[in-house]
Amino acid sequence: ISRVALLEGMKLKKVNEICESLPIMNGAEETIKELKNKNYKCICFSGGFKNATLIFVEKLKLDGEFSNIFHTKNNILTGKVGGEMMFSDSKGNMLLALQKLLNIPYNDTLVIGDGANDLSMFKYAKNRVAFCSKEILKKEANIIINEKDLRLLIDKI
Numbered sequence: 005i006s007r008v009a010l011l012e013g014m015k016l017k018k019v020n021e022i023c024e025s026l027p028i029m030n031g032a033e034e035t036i037k038e039l040k041n042k043n044y045k046c047i048c049f050s051g052g053f054k055n056a057t058l059i060f061v062e063k064l065k066l067d068g069e070f071s072n073i074f075h076t077k078n079n080i081l082t083g084k085v086g087g088e089m090m091f092s093d094s095k096g097n098m099l100l101a102l103q104k105l106l107n108i109p110y111n112d113t114l115v116i117g118d119g120a121n122d123l124s125m126f127k128y129a130k131n132r133v134a135f136c137s138k139e140i141l142k143k144e145a146n147i148i149i150n151e152k153d154l155r156l157l158i159d160k161i
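Put into structure tokens, the structure is as follows:
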């Protein structure tokens with residue numbers, strides 16, 4: 005049984021309340037501001053859900069997000085999900101599409117990830133950050149940060 009299936013029957017309002025209370029990673033605001041000052045587009049690719057990512061887009065002034073959705077019926081979670089980031093290659097495929105759409109070359113692309121589902125992005129970016137990540141990602145990264153503070157990235161780019 006999938007973890008999401010365990011949420012079947014939960015009220016959407018409760019999910020949204022939980023998402024509103026999620027903490028922002030240390031240094032996220034400062035790092036995103038610095039990246040934007042350097043003309044980076046800051047876009048969240050998440051295997052999580054829009055209920056959370058849209059909150060972070062607003063709070064952190066991100067340029068966009070791609071994530072998944074909970075299926076609901078009468079504002080109750082059905083236990084099913086859908087969305088743009090469902091598969092192991094979803095993030096890489098979306099990054100490649102955005103690079104083409106926005107005319108952003110490999111050398112000007114920076115990606116940050118923490119797990120195996122981020123691996124597909126790494127082949128499309130010159131700067132590949134493993135942030136408090138699993139070993140599989142560290143092997144492919146050229147920037148490794150092991151402390152939970154995104155400000156540590158600023159001096160590395």
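Residues in the sequence shown are numbered from 5 upward in steps of one, following the working numbering. The beta carbon of each residue, even a glycine, is placed where N, CA and C say it ideally should be.
Ignore the nearest five residues each way along the sequence and tell me which others in residue 18's own chain have a CB closer than 6 Å to its CB. The beta carbon of residue 18 sits closer than 6 Å to none of the beta carbons in its chain outside the five residues before and after it.
From this set, 53, 52, 66, which residue's C-alpha is nearest residue 186's C-alpha? Any property of residue 186 remains undetermined from this structure, which presents the chain solely from 5 to 161.
Quick one: grab the DSSP three-state call for residue 96. Three-state DSSP puts residue 96 in a helix.
Rank 82, 159, 125, 158 by C-alpha distance to the C-alpha of residue 12 and give the top, closest one. It is 82.
Between which residues of its own chain and residue 50 is the CB-CB distance below 8 Å, once the five residues before and five after are set aside? Scanning its chain for C-beta atoms nearer than 8 Å, with the 5 sequence neighbours on each side dropped, one finds around residue 50 the residues 56, 57, 69, 70, 71, 72, 89, in chain order.
DSSP beta-bridge partners of residue 115: Among the bridge pairs identified by DSSP, residue 115 is matched with 132.
Determine, using beta-carbon pairs with one atom in the segment 114-130 and one in the segment 89-99, whether at least three such pairs fall under 8 Å. Yes, they touch.
Less than 8 Å between the beta carbons of residue 129 and residue 114, yes or no? Yes. Within cutoff.
Quick check on the DSSP output: the alpha helix (DSSP H) that includes residue 20 runs from which residue to which? Taken as a continuous stretch (DSSP letters only), the alpha helix (DSSP H) holding residue 20 covers 16-24.
For my contact list, residue 8 and residue 61 are in at a C-beta cut-off of 8 Å; report their separation, rounded to the angstrom. Not confirmed; about 21 Å, so no contact.
Taking 8 Å as the cut-off, does the segment 146-157 touch the segment 21-32 (at least 3 CB pairs, one atom from each stretch)? The segment 21-32 makes contact with the segment 146-157, as at least three CB pairs between them are under 8 Å.
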